[in-house]
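Undergrad: Got a structure for you, written out below as structure tokens; questions coming shortly.
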Amino acid sequence: MFYREAGDFSTTYAEDQQTFPIKFDRYRYYVVLFIAIFVVPFVINDYWVNSLLLPFLIYAIAAIGLNILVGYCGQVSLGTGGFMAVGAYACYKFMTGVDIWWGGELLFQLPEFNIVFSVIMGGVMTALVGVLFGLPSLRIKGFYLAVATLAAQFFLVWLFNRVSWFYNYSASGQINAPERDIFGVLITGPSTQPWATYLFCLFFTIVCAVVARNLTRGSTGRKWMAIRDMDIAAEIIGVNPLRAKLTAFAVSSFFIGISGALFFSVYLGAVEVGEAFGIQKSFLVLFMIIIGGLGSIFGSFAGAAFLVLLPVLLKVVGVDWLGWPTDIVAHLQLVIVGLLIIVFLIAEPHGIAQLWRVAKEKLRLWPFPH
Amino acid sequence: MPEQLAFTIEVFLNGLMAGVLYALVALGFVLIYKASGIFNYAQGVMALFAAMTLVGIQNGQVPFSHLINAIFGTDVHKFGWSVHSFLAIILTVFVMILLAWAVQRFVFRHLVGQEPIILFMATIGLAYFLEGVADLMWGSELKALNVCAADGVCLPQGLNLWIDETTFNTFGYGFFIDNLDIVASIVAAVLVIGLVMFAQYTKQGRAMRAVADDHQAALSVGVSLNFIWILVWSLAGFVALVAGIMWGAKSGVQFSLSLIALKALPVLMLGGFTSIPGAIVGGLIIGVGEKLFEFLIGAPYLGGATENWFAYMLALLFLVFRPQGLFGERIIERV
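Now the structure itself:
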């Protein structure tokens, strides 16, 4: 009934290989995009943007990035927070003009980058750092690797805390996003419009999602998945594990860096590295992809939406309706998130994405069960 | 003896003591990993939970009093009695056994046969859950932990005067060694010997090793997997309790206690996930290494606080050359 395939024929190879082969799926996707781009910006206010939409979009990028590494390539990483910090600090340095010093003298200073390029450079820098920390993955596997990525997490946070060059020698040790604009529209800084920041993040989210989707559909993605499923076998059939793993680390870190840059510059505006990019952030993003579904782009969105909405929902129900103290609600939130992780792992290891897939399958067959 | 050398030796000794405490946490990991292949991230939170339960029972706190007060608008806080330390420890052990049963019954029984990484993530979920429950149950404020056998006979704290005086008389420089660290080292040594004896000489211990070696073979000769897993989780809970008491007495019972798990991870990487001696040697290496590094290189040249990451970096570098850790079983893969 819904998801009707009857009469939906593809006559060319290009049509056969498109992302959404079912017509209904495709139109639904266009409608979602249309609403997100042309309707939402006109109806949102500060609260919606800052407490729901921006975190959702930004975490979705981070979740896509981590999902590429964990879900598609099978390399578990707990260093997401550290990589997001790299993105944030690189973005900050490029926003304010990278200065290179040698022996107490300013060798040269790059001009200040536009915010778009600063964010992209944040991603690029993170990709480099990610590859560096991905190198051990060639020798180490499984848990050992998961724990090894914690080295990245702690080292990077320490580095940004200690080396004052990264925060431009500011007294507080914080980085503050200066006011930057695109075509005269402010994107960062304290006096931005909600729609502008929303559209800016939405742009990056859409681009990242499309790129990730197509990467994972192509030969690169298949190589990652071969490595994930059985790396030795993959090596035998001709996948180069070095290239596959390092590209996964690079692409994943690139996305995570972009999300870190956006998180700092557009969403928070001012960041203290230990607080914003601590180990909790790594776990949060990991939870998003577990709950959303490993190895699924839609799952990254679903997981991000879920874990962004949950605290807001709990706060509304617990604090505003029931009048409980905030600390109890915060603790309850820990309990609920922990329980959800366990329940999801037991009942549906493939996450919300799998529920969605099942629902879609049922809808395609409805009203006949077979 | 030159002062610098004396300092270094003192740092070395303190590193050894810290290493013992790391090893104590790492032991709990190794126990569970060996017997069930689960990498238990929740070990640190279990230590926190155990220590909080111990303090709560000692002070006669009403469990979940905050939650009860919030829901029913009542004002209950304490039963009005205090429990002797020994009794409180025994009760806490019972709570940890109950927890082990619950974890086995409600979580891991349903996850048998899943990939190790799924099990690992389940323990992260468990860590969150336990932390939330512990906070709801006993309140999240900083609590002092006093374990006393009788009035005035408590876990010792502070500078050991005897060592201070003796070393001052011999070397002309008094070493600062914390009494609690010495006690912790002794307790850890006793615990390790006890665990090894248990594993080697008792029926349950043998069954435990059999399960660690091969689940299916153990099952086929009549070992109850369920029982062994509960036993192992209980043992890990007990180790967590000991670690929680030591760390709690040292720095108070609070959230940061659960972060000692993060300290134990590089210890495990270095020593190998499957080896009890590995956990101990790894703990000592990490403890000494990070204290010496901080003292000799970190503080003077790198701006300090290198303890956060040095252990991980050391373990990471080490793993590149020996991926299974110092004492770990060689990883053999076949297609």
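Taken in sequence, the protein lines are chains A and B. With my numbering, the residue at position 259 of the first sequence is 259, and numbering never jumps. With my numbering, the residue at position 239 of the second sequence is 239, and numbering never jumps. For every residue, glycine included, the Cβ atom is placed at its ideal position computed from N, Cα and C. Note that the coordinates shown come from a computational prediction; the quantities given were computed from them, not determined experimentally.
1. What three-state label does DSSP hand A/Phe108 in the structure shown?
2. With the cut-off set at 9 angstroms, would you say A/Thr188 and A/Val266 are in Cβ contact?
3. From A/Asp181 to B/Asp75, what distance separates their C-alpha atoms?
4. For the stretch 242–251 of chain B against the stretch 42–53 of chain B, do three or more pairs of beta-carbon atoms, one drawn from each stretch, fall closer than 8 angstroms, so that the two count as touching?
5. In the DSSP assignment, find the alpha helix (DSSP H) that holds B/Ile286 and state where it starts and stops.
6. Report the residues of the stretch 216–243 of chain A with a CB closer than 8 angstroms to any CB of chain B, ordered along the chain.
7. Between the C-alpha atoms of A/Leu355 and A/Leu365, what's the straight-line distance to the nearest angstrom?
8. Check distances from the C-beta atoms of the stretch 120–144 of chain A to those of chain B and list, in chain order, the residues that come in under 7 angstroms.
9. Hey, A/Gly269 and A/Thr126: beta-carbon distance below 9 angstroms or not?
10. Taking A/Pro136 and A/Leu145 to be in contact with their CB atoms under 8 angstroms, please state how far apart those CB atoms are, rounded to whole angstroms.
11. Assign A/Lys223 to one of three DSSP states: helix, strand, or coil.
12. Evaluate contact between the stretch 265–279 of chain B and the stretch 21–37 of chain B, counting only Cβ atoms and requiring at least three cross-stretch pairs below 8 angstroms.
13. B/Val107 touches chain A at which residues, Cβ-Cβ below 8 angstroms?
14. By how many angstroms is the C-alpha of A/Thr12 removed from the C-alpha of A/Glu5?
15. Name the DSSP beta bridge partners of A/Trp102, please?
16. Would you report the Cα separation of A/Ile22 and A/Val32, rounded to the nearest angstrom?
17. Alpha carbon to alpha carbon, what distance is there between A/Tyr47 and A/Glu275?
18. List the residues of chain B that A/Phe283 touches, going by C-beta distances under 7 angstroms, in chain order.
19. Compute the distance between the beta-carbons of B/Ala6 and B/Phe171, then report whether it is under 9 angstroms.
20. How about B/Phe120: is its C-beta nearer than 9 angstroms to some C-beta of chain A?
21. Please go through the same chain and pick out, in chain order, the residues whose beta-carbon is closer than 6 angstroms to the beta-carbon of B/Glu10, but skip the five residues on each side of it.
22. Could you tell me whether the Cβ atoms of A/Leu246 and A/Val317 are closer together than 9 angstroms?
23. Taking the alpha carbon of B/Met313 as the reference point, which residue from A/Phe133, A/Leu110, A/Pro41, A/Glu105 has its own alpha carbon closest?
24. How many angstroms separate the CA atom of B/Ser36 from the CA atom of B/Asp213?
25. With DSSP as the reference, please indicate the residues paired to A/Val185 in a beta bridge.
26. Taking all protein chains shown into account, do 16 or more other C-beta atoms lie within 10 angstroms of the C-beta of A/Val76, making it buried, or fewer, making it exposed?
27. Can you have a look at A/Arg228 and say buried or exposed, based on whether 16 or more other CB atoms are within 10 angstroms of its CB?
28. Taking Cβ positions only, does A/Gln333 come closer than 9 angstroms to chain B?
29. Comparing alpha-carbon positions, which option in B/Ala47, B/Phe293, B/Ile117, B/Arg209 lies nearest B/Leu99?
30. So is B/Glu115 buried or exposed if we call it buried at 16+ other beta carbons inside 10 Å?
31. Does the stretch 63–74 of chain A touch the stretch 293–303 of chain A, meaning 3 or more C-beta pairs lie closer than 8 angstroms?
32. If you run the structure through DSSP and keep just helix, strand and coil, what is A/Cys73?
33. Could you please give me the residues that DSSP links to B/Asp178 through a beta bridge?
34. Would you say A/Gly168 faces chain B, with C-beta separation under 9 angstroms as the test?
35. Assess, as a yes-or-no matter, whether the stretch 223–237 of chain A is touched by the stretch 95–115 of chain A under the definition of 3 or more beta carbon pairs within less than 8 angstroms.
36. What are the residues that DSSP puts in a beta bridge with A/Asn168?
TA: For this structure:
1. Taking the first residue of the first sequence as 1, we reach residue 108 of chain A at position 108. Here A/Phe108 sits in strand by DSSP.
2. Locating residue 188 of chain A in the first sequence gives position 188, counting from the first residue. Locating residue 266 of chain A in the first sequence gives position 266, counting from the first residue. Yes, they are a contact pair.
3. As a position in the first sequence, residue 181 of chain A is number 181, starting the count at 1. As a position in the second sequence, residue 75 of chain B is number 75, starting the count at 1. For A/Asp181 and B/Asp75, the distance between alpha carbons rounds to 54 angstroms.
4. yes
5. The residue labelled residue 286 of chain B in the question sits at position 286 within the second sequence. Element bounds for B/Ile286: 276–293.
6. Met230, Ile232, Ala233, Ile236
7. As a position in the first sequence, residue 355 of chain A is number 355, starting the count at 1. As a position in the first sequence, residue 365 of chain A is number 365, starting the count at 1. Whole-angstrom Cα-Cα distance: 16 angstroms.
8. Pro136, Arg139, Ile140, Gly142, Phe143, Tyr144
9. One-based indexing of the first sequence puts residue 269 of chain A at position 269. One-based indexing of the first sequence puts residue 126 of chain A at position 126. Cβ atoms of A/Gly269 and A/Thr126: not closer than 9 angstroms.
10. For the purposes of this step, residue 136 of chain A is taken as residue 136 along the first sequence, with counting starting at 1. For the purposes of this step, residue 145 of chain A is taken as residue 145 along the first sequence, with counting starting at 1. That belief holds up - the Cβ atoms of A/Pro136 and A/Leu145 are roughly 7 angstroms apart, short of 8 angstroms.
11. What you label residue 223 of chain A is simply residue 223 of the first sequence in a count that begins at 1. Of the three classes helix, strand and coil, the one that applies to A/Lys223 here is helix, per DSSP.
12. yes
13. Position 107 of the second sequence, counted from the first residue, corresponds to residue 107 of chain B. Within 8 angstroms Cβ-Cβ: Ile342, Ile346.
14. Mapped onto the first sequence, residue 5 of chain A falls at position 5. Mapped onto the first sequence, residue 12 of chain A falls at position 12. Answer to the nearest angstrom: the Cα atoms are 17 angstroms apart.
15. As a first step, residue 102 of chain A must be located in the first sequence, where it is residue number 102. Answer is A/Glu105.
16. Here residue 22 of chain A corresponds to residue number 22 of the first sequence, with the count starting at 1. Here residue 32 of chain A corresponds to residue number 32 of the first sequence, with the count starting at 1. Rounded to whole angstroms, A/Ile22 to A/Val32 spans 16 angstroms at the Cα level.
17. Indexing the first sequence from 1 puts residue 275 of chain A at position 275. Indexing the first sequence from 1 puts residue 47 of chain A at position 47. Cα to Cα, the separation comes out at about 22 angstroms.
18. Mapped onto the first sequence, residue 283 of chain A falls at position 283. Residues of chain B passing the Cβ test: Ile124.
19. Within the second sequence, residue 6 of chain B is the residue found at index 6, counting from 1. Within the second sequence, residue 171 of chain B is the residue found at index 171, counting from 1. Yes, the pair counts as a contact, with Cβ atoms nearer than the cut-off.
20. Your numbering for residue 120 of chain B matches position 120 in the second sequence. Judged by the 9 angstroms Cβ criterion, B/Phe120 is in contact with chain A.
21. Taking the first residue of the second sequence as 1, we reach residue 10 of chain B at position 10. The answer, listed in chain order, is Phe175.
22. Start at 1 with the first residue of the first sequence, and residue 246 of chain A comes out as number 246. Start at 1 with the first residue of the first sequence, and residue 317 of chain A comes out as number 317. Cβ atoms of A/Leu246 and A/Val317: not closer than 9 angstroms.
23. Locating residue 313 of chain B in the second sequence gives position 313, where the first residue counts as 1. The candidate whose alpha carbon is nearest that of B/Met313 is A/Phe133.
24. Along the second sequence, read from residue 1 onward, the residue named residue 36 of chain B stands at position 36. Along the second sequence, read from residue 1 onward, the residue named residue 213 of chain B stands at position 213. Cα to Cα, the separation comes out at about 10 angstroms.
25. Stepping through the first sequence from its first residue, residue 185 of chain A is reached at position 185. Beta-bridge pairing links A/Val185 to A/Ile182.
26. Counted from its first residue, the first sequence places residue 76 of chain A at position 76. Result: buried.
27. Counted from its first residue, the first sequence places residue 228 of chain A at position 228. Flag for A/Arg228 reads buried.
28. As a first step, residue 333 of chain A must be located in the first sequence, where it is residue number 333. For A/Gln333, the answer is yes, since a Cβ of chain B falls inside 9 angstroms of its Cβ.
29. Along the second sequence, one-based indexing puts residue 99 of chain B at 99. That would be B/Ala47, whose Cα lies nearest to the Cα of B/Leu99.
30. Residue 115 of chain B sits at position 115 when you count from the first residue of the second sequence. So B/Glu115 counts as exposed.
31. yes
32. Along the first sequence, one-based indexing puts residue 73 of chain A at 73. In this structure, A/Cys73 counts as coil in the three-state DSSP scheme.
33. For the purposes of this step, residue 178 of chain B is taken as residue 178 along the second sequence, with counting starting at 1. Beta-bridge pairing links B/Asp178 to B/Leu159.
34. Position 168 of the first sequence, counting from 1, holds the residue named residue 168 of chain A. Correcting the residue identity first, residue 168 of chain A is Asn in this sequence and not Gly. No - not a single Cβ of chain B is within 9 angstroms of the one on A/Asn168.
35. no
36. Stepping through the first sequence from its first residue, residue 168 of chain A is reached at position 168. BP columns for A/Asn168 are empty, so no partner.
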